[in-house]
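2 protein chains.
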Amino acid sequence: AGTDGLAVSAVKVPVVRMKIGEVAEATSVAVLPVCRAEGGTVEVEDAPWECGSKGDFGVVEAEKGWKSWVVLPRWEPVAGLNRGGVAVAFKDSKVLPWKASKWNQNEPLLVVTDRGSKEVVADDGFYLVVGGGNGNAEEGLKVEKGSALKESSVKESLGSVLMVVRPPRDDYDDQISDEEWD
Amino acid sequence: AGTDGLAVSAVKVPVVRMKIGEVAEATSVAVLPVCRAEGGTVEVEDAPWECGSKGDFGVVEAEKGWKSWVVLPRWEPVAGLNRGGVAVAFKDSKVLPWKASKWNQNEPLLVVTDRGSKEVVADDGFYLVVGGGNGNAEEGLKVEKGSALKESSVKESLGSVLMVVRPPRDDYDDQISDEEWD
Chain A
665 AGTDGLAVSA VKVPVVRMKI GEVAEATSVA VLPVCRAEGG TVEVEDAPWE CGSKGDFGVV
725 EAEKGWKSWV VLPRWEPVAG LNRGGVAVAF KDSKVLPWKA SKWNQNEPLL VVTDRGSKEV
785 VADDGFYLVV GGGNGNAEEG LKVEKGSALK ESSVKESLGS VLMVVRPPRD DYDDQISDEE
845 WD
Chain B
665 AGTDGLAVSA VKVPVVRMKI GEVAEATSVA VLPVCRAEGG TVEVEDAPWE CGSKGDFGVV
725 EAEKGWKSWV VLPRWEPVAG LNRGGVAVAF KDSKVLPWKA SKWNQNEPLL VVTDRGSKEV
785 VADDGFYLVV GGGNGNAEEG LKVEKGSALK ESSVKESLGS VLMVVRPPRD DYDDQISDEE
845 WD
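If you're matching them up, the sequences are chains A and B in order. Sequential numbering of the first sequence, starting at 665, is according to the working numbering. Sequential numbering of the second sequence, starting at 665, is according to the working numbering.
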């Protein structure tokens, strides 16, 4: 982050002009409301829909107040997502239908979901659903593959999963191959 | 923004591991609630105080819901600001007590203010105050220099101004010298 334009000496207020390339540039970040997975369906459906950024400073103006927000790089899957996006915060990766071998089950995840695409259409797509069948009395959310949902005749989800964000780590062996998915 | 870890072919959900240096890294951005200057004192005081980011993904958790947020690079003046910060959106720069010559008066501004420092202490500091004396019946906010406030025996402000953010522009002649301030 540059501080070009920083006023000097006697004047104590820095005046900074945003530059192309600064993270605050409207096109370089995506801001999404965050739900806790424990909050279940209610919280996912309650989160604001409008999350597009506007104007010179990329101010996000939601249609309702919300406490919890996350800033993501404007990765391609979320780049055009101005409505309906939500980041669901899971405490571990057990909720994902992929093979555990190479994954740290204790790793928290953000599952970025498009609530505007609820219909289960793609066999190889992934969807956010209410997970009831894991011997847990508590309603929880999980991610399920389209083909599995279709086998159970589930036609509607809470939204389609656009991407899964894992926390930062120092090494980079995070290329996920097809074989790691169930 | 990198998409390292992007899953390929049949799997439609990219899995991205955040990297050090990505904008979403907790230490690289600051997220602040935004008030409209037209909203006056009420809106400034109503905005949430907690705006620190937490956990692996830098999720911002405010103590109350708020509609409007801005993401700024973690410039030094806002780097440690986890409580009390607010960005006040002004439609033009007339609210600032500096000389107009080199400034575009129609330029919108964000005035980043620390509501935790209301006391007018520094002569050469700048403070967010209610601006009544500009022939305008409407209550509005403006920025005033500490020395001017002291002359009027004003001891408390809405907060001290940490920085002023100007919108992006293509050229970079934005170094503000002391002489441009009144």
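Heads up, the beta-carbon is just placed ideally off N, CA and C, and yes, glycines get one too. Being a predicted model, the structure only gives us computed values, none of them experimental.
- One thing to note: B/V776 has its Cβ within 8 Å of the Cβ of B/A751.
- Scanning its chain for C-beta atoms nearer than 8 Å, with the 5 sequence neighbours on each side dropped, one finds around A/P741 the residues V776, L826 and M827, in chain order.
- As a beta-bridge residue in DSSP terms, B/A694 pairs with B/L736.
- In this model, A/G823 and A/Y791 are separated by some 6 Å (Cα to Cα).
- In its own chain, leaving out the 5 sequence neighbours on each side, no residue places its CB closer than 6 Å to the CB of A/E702.
- According to DSSP, residue pairing for A/L792 in a beta bridge involves A/V807 and A/G823.
- One thing to note: B/L813 has its Cβ no nearer than 8 Å to the Cβ of B/V794.
- The CB of A/S732 comes closer than 8 Å to the CB of V723, V724, E725 and A726 in chain B, given here in chain order.
- Under the three-state reduction of DSSP, B/D778 is assigned to strand.
- Rounded to the nearest whole angstrom, the CA to CA distance from A/E815 to A/V784 is 11 Å.
- A/G704 sits in a helix when the DSSP states are folded into three classes.
- Residue environment for A/K806: buried (at least 16 other C-beta atoms within 10 angstroms of its C-beta).
- Counting along the chain, B/A751 sits inside the beta strand (DSSP E) bounded by residues G749 to F754.
- If the five residues before and after B/V829 are omitted, its C-beta is found closer than 6 Å to the C-beta atoms of L774, all from its own chain and listed in chain order.
- In this structure, the CA atom of B/V734 is about 29 Å from the CA atom of A/K782.
- Below the 7 Å Cβ cutoff, chain B contributes F721 as neighbours of A/L774, in chain order.
- Listed along chain A, no residue sits closer than 8 Å to B/P761 by beta-carbon distance, the nearest being about 10 Å off.
- Chain-order list of chain B residues neighbouring A/G729: K728, G729, W730 and K731, by C-beta distance under 8 Å.
- Taking C-beta atoms as the reference points, B/G748 and B/D778 count as a pair closer than 8 Å.
- B/E725 is bridged by DSSP to A/S732.
- Residue contact with chain A for B/V693: present (Cβ-Cβ distance below 8 Å to some residue of chain A).
- In the assembly as shown, B/S717 is a buried residue. Its beta-carbon has 16 or more other beta-carbons within 10 Å.
- A residue is called buried once 16 or more other Cβ atoms fall within 10 Å of its Cβ, and A/S811, having fewer, is exposed.
- Identification of residues in the segment 693-711 of chain A having a C-beta nearer than 7 Å to some C-beta of chain B yields V693, V695 and V698, given in sequence order.
- Taking B/D720 as reference, the option from A/A694, A/G804, A/G744 and A/N770 with the minimal CA-CA separation is A/N770.
- Setting aside the 5 residues that flank it on each side, A/R700 is surrounded in the same chain by A753, each with a C-beta closer than 6 Å to its C-beta; the list follows chain order.
- Note on geometry: alpha-carbon atoms of A/E820 and B/S821 lie some 53 Å from one another.
- Contacts between A/A753 and chain B, judged by CB atoms closer than 9 Å, involve G719, F721 and V723 in chain order.
- At a cut-off of 8 Å, the C-beta of B/V735 has a neighbouring C-beta in chain A.
- Interface residue (Cβ-Cβ distance to chain A less than 8 Å): B/V829 is classified as such.
- Assigned with DSSP and collapsed to three states, A/S717 falls in strand.
- The beta carbon of A/D787 sits closer than 8 Å to those of K809, G810, S811 and K814, all from its chain and outside the five residues before and after it, given in chain order.
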